[in-house]
Structure formats: structure tokens, C-alpha cells
Amino acid sequence: MNDTDIKNLRIAVIGGGFGGAAATVFLNRLGADVHLYEQAKDIKEVGAGIGMRPKTLEVFRKWGILEEMNAVSSASEFFEILDGYGTPVVRETWPKMDEFDFDARTRMIHRGDFIDTFIRNVPTERFHLGHKMTEIDDHGDSATVTFANGESTTVDLVIGADGIRSKVRSQLFGDYQPVFAGAHAHRVIVDGADTHGMLTDDNLRMYVGANGTLIYFLPLRHRGPNGQLSFDITCNSDDDSWAPTLTREILAEAVEGFDDRLQAITAELDLELVNSRGVYDIDQVETWHSDSVVLIGDAAHAMLHHQGQGANQTIQDSSELADCLVEFDTIPEALAAYTQRRKPDTQALQAISRQNWPTIEDLSTAFPEKGNIA
Ligand SMILES: Cc1cc2nc3c(=O)[nH]c(=O)nc-3n(C[C@H](O)[C@H](O)[C@H](O)COP(=O)(O)OP(=O)(O)OC[C@H]3O[C@@H](n4cnc5c(N)ncnc54)[C@H](O)[C@@H]3O)c2cc1C
269 MNDTDIKNLR
279 IAVIGGGFGG
289 AAATVFLNRL
299 GADVHLYEQA
309 KDIKEVGAGI
319 GMRPKTLEVF
329 RKWGILEEMN
339 AVSSASEFFE
349 ILDGYGTPVV
359 RETWPKMDEF
369 DFDARTRMIH
379 RGDFIDTFIR
389 NVPTERFHLG
399 HKMTEIDDHG
409 DSATVTFANG
419 ESTTVDLVIG
429 ADGIRSKVRS
439 QLFGDYQPVF
449 AGAHAHRVIV
459 DGADTHGMLT
469 DDNLRMYVGA
479 NGTLIYFLPL
489 RHRGPNGQLS
499 FDITCNSDDD
509 SWAPTLTREI
519 LAEAVEGFDD
529 RLQAITAELD
539 LELVNSRGVY
549 DIDQVETWHS
559 DSVVLIGDAA
569 HAMLHHQGQG
579 ANQTIQDSSE
589 LADCLVEFDT
599 IPEALAAYTQ
609 RRKPDTQALQ
619 AISRQNWPTI
629 EDLSTAFPEK
639 GNIA
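Note that the sequence shown covers residues 269 to 642 in the working numbering.
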């Protein structure tokens, strides 16, 4: 589409998570008439960190927000997997970090800083909080979305960025209920002073316990006077609650047998600050688009967090979708091309993440997705 076509394009993005916010920033940069609708009264993310991969950084560079992301993150060289006692098993540098002509080392960022950076780049008049989508009607060459507050809008393109329990998906593309992975993730930010001397560099580590518990140790040393640590305990559980109840006993049992310092960090956590949730993904979604509605991010391909890729893929979806709208003459062609380009990698990651990590004895790589995705 040429500049004029893009400028005349009316787009509604449903959901203000990483995917929706990124899509709105990129499409706004193209000049499209894009508006974001988020059900919550304000935008906030879980207190936890994330690793922004080299390909995601390339997306930021392309859309002119790399500097801003760099200002609130730290560069990491490698991902290391250790056993529960802290004995290193595998250490590998981040795939693709040397493939770009800028410093594309994976960057550790707090989810709140990540979303804030996007939000800063969306003009406020394009942001509509307190808009919970209840209905979507697909008319073929346009679609109408209706919100719980009684408002509605008809646009040329609706982008369903409404997460794992997407209403856009369930109303138009099939009933894909979240699938429980038999685990809970307990995430919290720990002050550097409370890390028992373990916060020594900017690299991601995962400790694998004999009991199946995984501790993701993600440094955020650029934050606060003492630096911070994003501490994620993912442990097995039969309780399929979306927001499980957490007790000190559950945590203590999860980290039993781990390095004393990891047990001490866990014992000292303020339970009020810990975000606990059941771990879910979805089966592969066959249809991602019609001629005027498309899914991105978790709505299209929610995956388990073992490969640390869900948010990264969401950002890459948003960029590819914007590119396709420029590259192709019509919306249907653009949506078909976007889907064709994004499905292989994201569905491969869904499948790999579902396999979970092998036992420590069988572990041979930190990046089982390497060679399976572009
Ligand atoms: C424990 C855990 C650890 C993770 N770690 C990583 C990691 O290290 N690296 C990584 O890349 N990814 C990670 N992920 C995955 C990542 O968090 C998700 O893939 C990503 O947040 C998905 O973004 P999204 O924008 O697609 O969906 P979401 O972030 O779920 O956003 C959806 C938005 O839509 C809104 N919404 C929903 N329904 C409606 C409606 N009807 N109307 C209006 N708004 C609506 C919601 O309020 C929400 O704001 C992790 C996930 C978990 C659970």
C-alpha cells in the first residue's frame, strides 16, 4: 500500500500488552489511523524481567526505539543452565547476537520499563483505556468491535492482541481453551542487596532442581541503587488455578535441595510482592486472520515461557504485520503474507516449549529452538 492508502487505513488494536502496544507504535509511525483499546483502567505489567533477543532489538532499531529500550536495560552475553546446587551444565552465547551491525546482545529489561517505553511512543489520543471488547462482527471488508461501555467502532482492520484468552480469537477463529502445563510460576523483583552475593553480572541463569523446579535468575543491575534481580520459581503443581494461592511452605518445598543462597533468597521474599500464576499455553491455532481481522502475540500462539520467547515473538509479529501492510496492495494479501511468514517460527516455538526442559543429565543446549526457527 502506498502512503495515502496507509494514511486512510482505520485500525483498531484490541489489547494493550506488549503486542498491542508495539503494533500501535509501529502503525502510528507509518501514519495509519490506529487506535488501541485496552480493557484495564491503566496499563501495568507484572513485576518481572524479560530478555529482549537480538531479532527483537533489530525490530526496535528499525522502528527508532532501540536507544530508548537500551536506556532501561542491560546487555547480556550468555544464557547459562546450572543444576540446583549451582554447578554449570551448559553456557551458550545468545543466538544471532553477532548477526547485526549494531550491539545486538540480548538485553535484560523489567516488563514495566518495557511497556512504559512503548506507551510513551503512542500519542495519548490513540489510547483508549477501560474499553473491554465484548463483540466483534466481521463484515468482510471491515469489522465492528463493541465494548462493554457501550461504545463501538467500525474499521478496515482489527488486530486481536488480546492475549491467551483472546475474545477476538474465540468469536471468529475457534475455541482454543488455555492448556494447563502442570506448573506454577512465582515471579518477583528482589533488591540486589537481598541476593546473598549472587548478583554478579548481567547474564541470565536457570537453575534446574532434581525435583523439577526451575529458577530463572534474570539480573536487572541497571535498576535501583543496589541493582535488582528478577526471580522466577517455576515448579510443578496439579492445581490448575489461574492465580494460585502461595504460601511459604509451597515456596520452601519448591526450592528444597537448591543452593543455600537460593533457598535463603526464597525464604526472605515478601509474599505480598510475588506474582503467582498457573502456567498455560494454547494448541496451535489454524486460522489467524480473515480479510479484516488478524491475531498477533499470545492470541495467535501463546507458548510456555521455557524458551523466553513469547513477548519477543509478539513484538516480531507486530513489526512483520506493519511491513506486510506496506508491501502488499490489499489488506487480505497483507494478512495472508503476515500469517505465512510468522506461523512457522511461532508454532515451532510453541511445540518446543511444550516439550519442557530435559533432565539435567540429558541437557545438551541452552537453545533447543536453534536451527528450528529463522
Ligand atoms: C511466567 C512467564 C514468564 C515469561 N517470560 C518470558 C520471557 O522471559 N521472555 C518472553 O519473551 N516472554 C515471556 N513470557 C511470555 C510473555 O509474557 C507473553 O508472550 C506476552 O506478554 C504476550 O503479549 P501479548 O501482548 O500478546 O498479550 P498480553 O500481554 O496477555 O496482553 C493482552 C492484553 O489484552 C487485554 N485484553 C484482553 N481481553 C481484552 C478485551 N476483551 N478487550 C480489551 N482488552 C483486552 C489484556 O488486559 C492485556 O492487556 C512469559 C510468560 C509467563 C507467563
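By construction, the Cβ of each residue, glycine as well, lies at the ideal position given by its N, Cα and C atoms.
Quick one: what does DSSP say residue i is sitting in, helix, strand or coil?
i, result
"residue 292", "helix"
"residue 454", "strand"
"residue 320", "strand"
"residue 444", "coil"
"residue 513", "coil"
"residue 414", "strand"
"residue 526", "coil"
"residue 299", "coil"
"residue 308", "coil"
"residue 596", "coil"
"residue 428", "strand"
"residue 479", "coil"
"residue 436", "helix"
"residue 487", "strand"
"residue 327", "helix"
Going by beta carbon distance, what residues of the same chain come within less than 8 Å of residue i, once the five residues before and after it are set aside?
i, result
"residue 451", "502, 503, 504, 505, 546 and 547"
What is the C-beta distance between residue i and residue j, in whole angstroms, given that I count them as a contact (C-beta under 8 Å)?
i, j, result
"residue 488", "residue 378", "6 Å"
"residue 485", "residue 383", "The pair is not a contact, with the Cβ atoms about 22 Å apart (cut-off 8 Å)."
"residue 357", "residue 349", "5 Å"
"residue 436", "residue 426", "7 Å"
"residue 500", "residue 448", "With a Cβ gap of about 18 Å, residue 500 and residue 448 do not count as contacting."
Got a sec: is the Cβ-Cβ distance from residue i to anything in chain C below 9 Å?
i, result
"residue 458", "Judged by its chain identifiers, the structure shown contains no chain C, having just a single protein chain."
Keeping to the same chain, check which residues put their C-beta closer than 7 Å to that of residue i; ignore five residues upstream and five downstream.
i, result
"residue 405", "411 and 412"
"residue 640", "616 and 620"
"residue 514", "454, 539, 542 and 544"
"residue 440", "404, 406, 558 and 561"
"residue 552", "615 and 618"
"residue 463", "497 and 533"
"residue 478", "352 and 525"
Answer with buried or exposed for residue i, where buried requires no fewer than 16 other C-beta atoms within 10 angstroms of its C-beta.
i, result
"residue 539", "exposed"
"residue 322", "buried"
"residue 454", "buried"
"residue 366", "exposed"
"residue 353", "exposed"
"residue 517", "exposed"
"residue 638", "exposed"
"residue 629", "exposed"
"residue 375", "buried"
"residue 632", "exposed"
In its own chain, which residues sit with a C-beta less than 6 Å from the C-beta of residue i, not counting the 5 before and 5 after it?
i, result
"residue 309", "397 and 398"
"residue 582", "286, 287 and 565"
"residue 292", "281, 302, 304 and 390"
"residue 493", "none"
"residue 606", "588, 589 and 592"
Got a sec: does ligand 3 put a non-hydrogen atom nearer than 8 Å to the Cβ of residue i?
i, result
"residue 330", "For ligand 3, the structure offers nothing, since it holds only ligand 1."
>> For the structure I just gave you, are there three or more beta carbon pairs, one from the stretch 525-535 and one from the stretch 384-395, closer than 8 Å?
In response: no
>> Does the structure place the stretch 555-575 close enough to the stretch 620-633 that three or more beta carbon pairs sit under 8 Å?
In response: yes
>> Pairs of beta-carbons, one from the stretch 300-307 and one from the stretch 270-283, closer than 8 Å: are there three or more?
In response: yes
> With a cut-off of 8 Å, do at least 3 Cβ pairs link the stretch 577-590 to the stretch 320-335?
Replying inline: yes
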